[in-house]
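The block underneath contains the structure these notes are about, expressed in structure tokens.
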Amino acid sequence: MSDTNPQACSVRLQSVAKKFGDGPDVLQDINFDAVAGDFVAIIGPSGCGKSTLLRMLAGLVSQNSGQIEIDGSAPGRNSPELSYVFQEPTLLAWQRVAANVELPLILRGVPAARRAEIVQRCLRQVRLGERADAFPRQLSGGQQMRVSIARALALDPRLLLLDEPFGALDEMTRNHLNEELLSLREAASWTAFFVTHSVAEAVFLANRVIIMSANPGCIAHEVAIDLPYPRTPATREEPSFQQLAAKVSGLLRTVEEAAK
562 MSDTNPQACS VRLQSVAKKF GDGPDVLQDI NFDAVAGDFV AIIGPSGCGK
612 STLLRMLAGL VSQNSGQIEI DGSAPGRNSP ELSYVFQEPT LLAWQRVAAN
662 VELPLILRGV PAARRAEIVQ RCLRQVRLGE RADAFPRQLS GGQQMRVSIA
712 RALALDPRLL LLDEPFGALD EMTRNHLNEE LLSLREAASW TAFFVTHSVA
762 EAVFLANRVI IMSANPGCIA HEVAIDLPYP RTPATREEPS FQQLAAKVSG
812 LLRTVEEAAK
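Count along the sequence shown starting at 1, add 561, and that's the number in our numbering.
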């Protein structure tokens, strides 16, 4: 969605570089602007710094040089509400589904009555309203990731960061969750950065795809995905989708071959 969304947030990275200790640069000269409401997919070879970039946007690690701004503020300094969805569901095994979704609301100090309302709404949104009393071990991998997404959305984020959340799932489940994520996006207001190794996933979800190269990590290419929203399973069969996927695949292959 390229239209500016007043409730989502803008993101700016200017000449950003990152290294750990005395090691080589992990990221170098990262320049990128995302407008409010953008869905940005990040793809590239392993070790190119995709997850590090996400962690910097979240304020979990700081850059060595350059500037990162979220609605004009540095991450962690009066930045807008954000949520982070990790590669694993990271659910508390001893807590029921509802309690897992409720946890960030407790930490935020949301009143109990309001928490219950939010938890019920978020679980309904991810089609798990009837599993509120289940334990994580009683859910499939896809259902556990739905709980993780519900927990992230409970905070009503303006920036949603997703680090390969569906990477461990089979293709059919991944496709279903991609479709559900876009349905949730239609009803909410957030800017998204989504790390993936799947070209098809990147093209299906995003309106912009960043292709990164490695050693050090930098933005090698950007592809605009001008497929209209809402996107459905039929979108994947359209010639325009397949052409865009082929374009991204070709650029990614060029980046990977250059790194050999």
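Glycine included, every Cβ here is placed at the ideal spot set by N, Cα and C.
The structure displayed is predicted, hence computed values, not measured ones.
The segment 619 to 638 makes no contact with the segment 796 to 813, as fewer than three CB pairs between them are under 8 Å. Inter-segment contact for the segment 596 to 614 and the segment 734 to 752 is present: three or more beta-carbon pairs are separated by less than 8 Å. If only complete runs of 3 or more residues are kept, the segment 691 to 766 shows the beta strand (DSSP E) at 720 to 724 and 752 to 756, in order along the chain.
Under the three-state reduction of DSSP, F593 is assigned to strand. In the three-state scheme derived from DSSP, where H, G and I count as helix and E and B as strand, V622 is classed as coil. Note on geometry: alpha-carbon atoms of C779 and R685 lie some 39 Å from one another.
Under the three-state reduction of DSSP output, I604 falls in the strand class. L588 carries a strand assignment under DSSP once its states are collapsed to helix, strand and coil. In this structure S571 is in contact with D632, their Cβ atoms being roughly 6 Å apart against a cut-off of 8 Å.
Taking 8 Å as the cut-off, the Cβ atoms of Q803 and G728 do not count as close.
A straight-line Cα-Cα distance of about 17 Å links V646 and R669.
Under a 10 Å Cβ-count criterion, L720 is classified as buried, with 16 or more other Cβ atoms of the shown protein chains found around its own Cβ. For R792 and L615, the gap between their C-alpha atoms comes out near 25 Å. In this structure R814 is exposed. Its beta-carbon is surrounded by fewer than 16 other beta-carbon atoms within 10 angstroms.
Residue pairing for R769: DSSP places it in a beta bridge opposite V601 and A785.
An exposed status is given to R675, since fewer than 16 other beta-carbon atoms sit within 10 Å of its beta-carbon. Listed in chain order, the non-local C-beta contacts of E663 below 7 Å within the same chain comprise R676 and V680, local neighbours out to five positions each way being set aside.
In the structure shown, the three-state DSSP call for R657 is coil.
When the beta-carbon positions are compared, L805 and V784 come within less than 8 Å of each other. Partner residues in the beta bridge of G778, as assigned by DSSP, are L588. Assigned with DSSP and collapsed to three states, E630 falls in strand. A straight-line Cα-Cα distance of about 15 Å links Q568 and A715.
In this structure, the alpha-carbon of I771 lies about 14 Å from that of V596. A residue is called buried when at least 16 other Cβ atoms come within 10 angstroms of its Cβ; M733 does not meet this threshold and is exposed. Per the DSSP secondary-structure output, R797 pairs with nothing in a beta bridge. In this structure, the beta-carbon distance from L723 to R707 does not fall below 8 Å.
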